[in-house]
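Residue numbers (my numbering), protein chains in the order written: chain A, 1 to 338; chain B, 339 to 956.
Step one of this worksheet: look at the structure below.
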Amino acid sequence: MTKNPEDYTSKDLATDQDVRWCPGCGDYSILKQMQGTLAEAGVAVEDTVFVSGIGCSSRFPYYMNTYGIHSIHGRATAMASGLKAARQDLSVWVITGDGDSLSIGGNHLIHLLRRNFDVNVVLFNNEIYGLTKGQYSPTSPKGQVTKSTPMGSLDHPFNPGALVMGAGSTFVARSMDRDPKHMREILKAASDHKGTSFIEVYQNCHVFNDGAFGVYTDKDSKAMTTIFLKDGEPLVFAGEEKGIRLNGMKPELVSLSDYSKEDLWIHDSSDRYKALMLTEFFDDQSKEDALPRPFGIIYQEDRFRYEEAMQDQIDKAVEVKGEGDLDALIRGGHTWSV
Amino acid sequence: MTKTTEKKRDVVILFAGDSGDGMQLTGSLFSNTSAEYGNDISTFPNFPAEIRAPQGTVAGVSGFKLQFASVDIFTAGDEVDVLVSMNAAALKANLSQLKRGGTIIANTSGFDKKNLRLAKYGDAESPLLDDSLEEYRVIEIDISKMTKEALVDSGLGAKEIERCKNMFVLGFLYWMYNRKLENTEVFIKNKFAKKQQIMDANIKALKAGYYFGDTNETFTSRYEVESASLPEGEYRSIMGNQATALGLIVAAKKAGLDLFYGSYPITPASDILHELARHKNYGVKTFQAEDEIAAVCASIGASFGGAFGVTASSGPGIALKAEAIGLAIMFELPLLVINVQRGGPSTGLPTKTEQSDLMQAIYGRNGEAPMVVIAPHSPSDCFDTIIEAARISIEHMVPVMFLSDGYIANGSEPWKFPSADDIAAIKPKWADSEKSMTDRGYLPYKRDEKLVREWAIPGMKELQHRIGGLEKDDETGNVSYDPENHEKMVKIRQQKVDIVADFVPEIEIEQGEDSGKLLVLGWGSTYGAIMTAVRELIAEGKPVSHAHIRYLNPFPKNLGDVLDRFDKVLIPEINDRQLVHIINSKFLKGALPLSKIQGMPITSKEIREKILETLNES
Ligand code: SF4
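In structure tokens:
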């Protein structure tokens with residue numbers, strides 16, 4: 001029996017397939033939150049499509065009781081573009097990883113973002129190639145020792161937030177596998193956003209890069225290294241002991257014993273300039289005076305969606321020229337008789 | 339002096355000049371006028387490789403060749419009867435194509451010192467002045483000067499006047515071949531509707547050229563090419579890429595699907611994108627993707643969503659799409675891939691024609707990834723063939739490759755177009771939320787007797803399923819690493835392609851006896867040249883026949899039998915024996931090659947000579 005979307009529970013979103021990630025992998029948590037979020041989103045499972053590329057995370061569609069495409073390496077974003085262009089009515093999610101969408105599929109990601117198809121992209125960032133058993137990825141820090149970089153990697157890593165801001169993303173957010181509640185909120189906001197939503201999730205690869213984000217996710221350090229953004233609220237962290245204020249054009253780390261909350265940077269996710277700055281909060285946390293890493297919705301903007309504009313042009317063409325007639329098309333402009 | 343009119347059966351004119359001289363337009367206008375007069379027509383534009391090659395140089399020469407005739411013809415002709423040379427470089431680049439005794443119309447101001455130097459003729463060695471052109475008839479006209487004089491009162495600047503000189507040449511040729519100016523006048527009036535001065539100047543230049551022929555004492559003979567006895571009906575002129583685009587729109591409508599066309603700009607395929615983008619009122623969605631891979635992937639995504647996904651490119655782009663085409667083969671979804679072939683490998687010869695992607699089309703993917711391959715043989719044939727390709731792709735749930743080439747894509751011919759009602763409906767095999775359900779749930783890879791699976795698209799209740807590029811279990815479509823299942827699936831994908839042969843027409847002999855000494859077997863754009871050569875030789879009593887393969891993979895079921903009925907098989911190709919290799923490995927036939935790999939079509943003369951040589955050998 002077909003259930004009403006209002007009556008879904010997480011179970012209605014799950015398939016009968018065995019989930020095959022390594023025990024302890026951060027992907028489990030994301031899957032769970034996704035199923036929970038969609039159970040509440042009110043969208044029918046048959047109107048939802050998950051599209052992925054290749055990598056550990058890209059197994060995701062097999063576990064969602066929706067329509068799904070497990071495509072080829074790096075191309076999920078391109079495939080989702082065509083799907084959304086053809087079918088505006090669908091809710092489309094792209095599941096990808098740091099290798100999949102920032103290395104082999106980098107080109108398609110930036111073009112999806114600038115076109116602003118109404119698609120939600122969840123990037124599982126684990127700073128490693130897991131499926132191919134442990135090579136450094138485009139987000140691995142310089143110097144990372146992996147199987148392919150025994151003396152340390154030479155690549156300067158991508159800053160995904162800054163990259164997608166530069167590509168014209170209309171929704172930029174960050175979350176982490178170890179904070180299910182926060183992830184739920186962000187997934188929900190992404191699903192509500194009209195336009196491409198980009199969510200970077202810090203995801204622990206238990207096997208090949210364990211603890212890569214420990215400094216942000218571990219209880220002991222989390223308070224000092226993370227800042228959770230909320231619109232209209234000041235940038236405070238470290239148990240309300242510290243905050244960020246804008247000193248002219250520069251973010252400055254201050255103690256709340258010296259400044260009051262009113263003096264601080266108030267988060268406004270519609271402010272593009274501030275968002276650009278927030279994505280540059282990308283310090284190595286071992287550095288003294290490192291700025292904390294922001295989590296939450298960094299930027300959000302309402303901009304026209306490609307698929308809608310595409311349909312508008314078609315509607316306009318029909319309005320001006322009339323519905324196309326096949327015989328007129330075949331005849332063309334100029335004919336003669338023999 | 340009296341002027342005589344001489345009758346001709348067919349004439350080949352080559353308009354050649356600098357890329358800025360408007361030769362393409364001049365050629366098309368002459369073609370249209372002659373087509374309307376009732377001649378059969380075939381055209382072949384030859385563009386320079388660079389968009390703006392240095393003026394006056396051989397690299398910058400743009401040519402438009404056309405043949406018009408009082409009989410039916412199949413090519414733009416081999417040897418040229420009339421070579422219009424707007425400058426020295428145009429003559430240099432094309433003289434080798436001119437028939438002995440042919441006519442050169444030379445624009446003398448294009449043969450000044452500067453032009454001679456740019457064309458790399460030795461200092462002051464104008465070919466018009468020495469005796470190098472002795473065996474031709476040279477008509478020297480200072481076209482630039484005459485145009486200037488005609489337009490002295492036009493109020494236009496020197497540059498704009500200079501641009502009208504192609505109309506003067508056109509007018510002169512209209513006089514030479516007894517053609518009326520009306521058709522071209524109407525064109526000029528429409529084109530420059532908002533620029534009165536330019537409109538007037540072009541018409542004046544056109545008339546000036548015509549009157550120049552009429553009044554000038556030197557030209558005593560005019561020619562007459564009577565109308566051809568083409569089948570009765572209504573005609574239009576059509577180019578290959580245009581016919582391809584129109585066919586796509588018709589096919590999608592006939593299947594009740596939205597057309598989604600994902601493409602990345604590439605010569606010589608881009609004109610299909612341009613044409614489709616003009617027809618949005620037919621619901622066409624064109625998507626200029628960020629690269630070739632995105633173009634094919636977006637089209638696959640659209641097909642997954644229930645649209646008719648089509649992508650197009652030329653050889654280098656098809657190479658980039660290969661992985662995704664393999665995915666579509668595993669998905670078993672409709673996908674049409676158009677390859678408008680050009681000279682390769684790598685970037686190769688972008689503006690020149692070649693048939694060198696046949697092996698790529700049939701074999702060029704990783705793993706066992708068979709796909710249907712089908713090739714049109716002339717510009718107007720693109721229309722029927724692309725609809726046929728769409729039908730196979732949609733009704734059999736398989737990706738199909740359509741192999742056109744630069745010669746067909748840019749060539750044009752008169753087309754006795756069909757009525758939309760005469761084109762059969764295409765029937766997608768839709769899944770159904772209730773009927774498709776089994777006691778094992780929904781099985782996305784369950785097949786019918788044609789091995790075709792159903793098309794279940796998002797929005798269909800209860801039929802949610804996930805497909806991917808990992809090997810899948812038969813019927814359920816779940817990921818499977820089972821060794822026997824893999825072998826089974828590989829064979830099924832091959833059979834799906836093979837079965838198509840049961841649903842397409844058998845190959846027929848185009849001309850000549852059904853059996854005998856020699857069969858000329860062609861595919862794609864060599865059709866016209868083979869038709870012409872074989873027709874002549876049959877008229878001369880030679881034992882030769884012609885068959886042409888449209889379905890390249892799978893081959894028509896009777897192809898082996900047809901080949902066996904001939905002592906010898908000759909295969910002309912614009913590549914290094916690709917079909918020869920395939921035919922010989924499949925049918926052990928010992929077929930003989932006629933290869934030409936010069937970025938140019940094979941001529942009927944070359945085919946004729948090879949046929950005679952082959953017949954003499956036995
Ligand atoms: S390799 Fe790493 S990312 Fe992949 S499933 Fe295992 S733990 Fe997860």
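Using N, Cα and C, we set each Cβ at its ideal position, and we do this for glycine too.
Contact under 9 Å by Cβ, residue 301 of chain A with residue 232 of chain A: Numbered from 1 along the first sequence, position 301 holds the residue referred to as residue 301 of chain A. Numbered from 1 along the first sequence, position 232 holds the residue referred to as residue 232 of chain A. The Cβ-Cβ distance between residue 301 of chain A and residue 232 of chain A does not fall below 9 Å.
Helix, strand or coil at residue 797 of chain B according to DSSP, with G and I counted as helix: Here residue 797 of chain B refers to the residue found at position 459 when the second sequence is read from its first residue. If DSSP states are grouped into helix, strand and coil, residue 797 of chain B belongs with coil.
Neighbour-count burial assignment, residue 613 of chain B, 16 or more Cβ in a 10 Å radius: Start at 1 with the first residue of the second sequence, and residue 613 of chain B comes out as number 275. Burial call: buried.
Simplified DSSP state of residue 93 of chain A, which is helix, strand or coil: In the first sequence, counting from the first residue as 1, residue 93 of chain A sits at position 93. Here residue 93 of chain A sits in strand by DSSP.
8 Å Cβ cut-off: residues of chain B touching residue 47 of chain A: Walking along the first sequence from the start, residue 47 of chain A turns up at place 47. Chain B residues near residue 47 of chain A: 796 and 797.
Partner residues on chain B for residue 183 of chain A, Cβ-Cβ distance less than 9 Å: Position 183 of the first sequence holds residue 183 of chain A. Within chain B, no residue comes near residue 183 of chain A; the closest Cβ sits about 23 Å away, beyond 9 Å.
Where residue 250 of chain A meets chain B, residues with beta-carbon distance less than 8 Å: Within the first sequence, the letter at position 250 stands for residue 250 of chain A. Near residue 250 of chain A there are no residues of chain B at all, since even the closest Cβ is about 36 Å away, more than 8 Å.
Paired residues, beta bridge with residue 290 of chain A - DSSP: Position 290 of the first sequence, counted from the start, is the residue given in the question as residue 290 of chain A. Residue 290 of chain A is not bridged to any residue.
Pick from B:953, B:705, B:796 and B:349 that is closest to residue 872 of chain B, judged by C-alpha positions: Taking the first residue of the second sequence as 1, we reach residue 872 of chain B at position 534. When C-alpha distances from residue 872 of chain B are compared across B:953, B:705, B:796 and B:349, the shortest belongs to B:953.
Contacts around residue 130 of chain A, its chain only, beta-carbon distance under 6 Å, and the 5 residues preceding and following it disregarded: As a working note, residue 130 of chain A is residue 130 in the first sequence. Closer than 6 Å at Cβ, skipping near neighbours: 56, 205 and 208.
CB contact check: residue 823 of chain B to chain A, cutoff 9 Å: Here residue 823 of chain B is taken as the residue at index 485 of the second sequence, counted from 1. No - not a single Cβ of chain A is within 9 Å of the one on residue 823 of chain B.
Secondary structure, beta strand (DSSP E): runs of 3+ residues fully inside the segment 826-852 of chain B: 847-849
Nearest-angstrom Cα separation, counted from residue 417 of chain B out to residue 354 of chain B: Locating residue 354 of chain B in the second sequence gives position 16, where the first residue counts as 1. Locating residue 417 of chain B in the second sequence gives position 79, where the first residue counts as 1. If you take the alpha carbons of residue 354 of chain B and residue 417 of chain B, they lie about 14 Å apart.
Partners in chain C for residue 10 of chain A, counting only beta-carbon separations shorter than 8 Å: Absent from the structure: chain C. Protein chains present are A and B.
Extent of the continuous alpha helix (DSSP H) to which residue 647 of chain B belongs: Locating residue 647 of chain B in the second sequence gives position 309, where the first residue counts as 1. Segment 646-651 is the beta strand (DSSP E) holding residue 647 of chain B; no alpha helix (DSSP H) there.
Proximity below 9 Å, CB of residue 795 of chain B to CB of residue 643 of chain B: One-based indexing of the second sequence puts residue 795 of chain B at position 457. One-based indexing of the second sequence puts residue 643 of chain B at position 305. Yes.
Segment contact flag, the segment 94-108 of chain A with the segment 69-77 of chain A, C-beta cutoff 8 Å, min 3 pairs: Using a Cβ-Cβ distance cut-off of 8 Å, the segment 94-108 of chain A and the segment 69-77 of chain A are in contact, since at least three pairs of beta carbons, one from each stretch, lie closer than that value.
Any C-beta of chain A under 9 Å from that of residue 778 of chain B: Along the second sequence, read from residue 1 onward, the residue named residue 778 of chain B stands at position 440. So, not an interface residue.
Member of B:890, B:665 and B:636 whose CA lies at the smallest distance from the CA of residue 108 of chain A: In the first sequence, counting from the first residue as 1, residue 108 of chain A sits at position 108. Residue 108 of chain A has its Cα closest to that of B:636, out of B:890, B:665 and B:636.
Contact with chain A by residue 688 of chain B, beta-carbon distance below 9 Å: Sequence index remark: in the second sequence, residue 688 of chain B carries index 350 (1-based). Not one chain A Cβ lies under 9 Å of residue 688 of chain B.
Neighbouring residues, chain B, relative to residue 313 of chain A (Cβ below 7 Å): Walking along the first sequence from the start, residue 313 of chain A turns up at place 313. In chain order: 618.
N-terminal and C-terminal residue of the beta strand (DSSP E) that residue 440 of chain B is part of: As a working note, residue 440 of chain B is residue 102 in the second sequence. 436-445 is the span of the beta strand (DSSP E), which, as asked, contains residue 440 of chain B.
Through-space distance from residue 645 of chain B to residue 732 of chain B, alpha-carbon basis: As a position in the second sequence, residue 732 of chain B is number 394, starting the count at 1. As a position in the second sequence, residue 645 of chain B is number 307, starting the count at 1. For residue 732 of chain B and residue 645 of chain B, the distance between alpha carbons rounds to 10 Å.
Supposed contact pair residue 904 of chain B and residue 82 of chain A - C-beta distance, whole angstroms, cut 8 Å: Taking the first residue of the first sequence as position 1, residue 82 of chain A is located at position 82. Taking the first residue of the second sequence as position 1, residue 904 of chain B is located at position 566. Incorrect: roughly 47 Å between the Cβ atoms, too far for contact.
The segment 104-130 of chain A: positions lying closer than 7 Å to chain B by Cβ: 107, 108 and 111
Unbroken stretches of the alpha helix (DSSP H), 4 residues or longer, contained in the segment 740-812 of chain B: 744-748
Touch test, the segment 927-937 of chain B against the segment 900-918 of chain B, Cβ-Cβ under 8 Å, three pairs minimum: yes
Contact test: residue 30 of chain A Cβ vs the ligand SF4 heavy atom, cutoff 8 Å: Here residue 30 of chain A refers to the residue found at position 30 of the first sequence. False, no ligand heavy atom lies under 8 Å from that Cβ.
9 Å Cβ cutoff met for residue 220 of chain A and residue 202 of chain A: Taking the first sequence and counting its residues from 1, the one referred to as residue 220 of chain A is at position 220. Taking the first sequence and counting its residues from 1, the one referred to as residue 202 of chain A is at position 202. Against a cut-off of 9 Å, the Cβ pair of residue 202 of chain A and residue 220 of chain A comes out as no contact.
Buried or exposed (CB count within 10 angstroms, at least 16 for buried), residue 154 of chain A: Reading the first sequence from its first residue, position 154 is the one you call residue 154 of chain A. Residue 154 of chain A is exposed by the Cβ-count criterion.
contact_flag[the segment 386-396 of chain B, the segment 530-541 of chain B] where n(CB pairs < 8 Å) is 3 or more: no
Positions along the segment 580-606 of chain B whose CB lies within less than 9 Å of some CB in chain A: 580, 584, 587, 588, 591, 592, 596, 598 and 600
Local conformation of residue 389 of chain B per DSSP, three classes: Counting from 1 along the second sequence, the entry for residue 389 of chain B is found at position 51. Residue state for residue 389 of chain B is assigned as coil, using DSSP reduced to three classes.
beta-carbon residue 17 of chain A near the ligand SF4 non-hydrogen atom, thresh 8 Å: In the first sequence, counting from the first residue as 1, residue 17 of chain A sits at position 17. No, since every heavy atom of the ligand SF4 falls outside the 8 Å radius drawn around the Cβ of residue 17 of chain A.
Inter-residue Cα distance where the pair is residue 325 of chain A and residue 678 of chain B: Here the question's residue 325 of chain A lines up with position 325 in the first sequence. Here the question's residue 678 of chain B lines up with position 340 in the second sequence. Take the alpha-carbon of residue 325 of chain A and the one of residue 678 of chain B: they are about 27 Å apart.
Pair within 9 Å by beta-carbon distance, residue 60 of chain A and residue 95 of chain A: Counted from its first residue, the first sequence places residue 60 of chain A at position 60. Counted from its first residue, the first sequence places residue 95 of chain A at position 95. Taking 9 Å as the Cβ cut-off, residue 60 of chain A and residue 95 of chain A qualify as a contacting pair.
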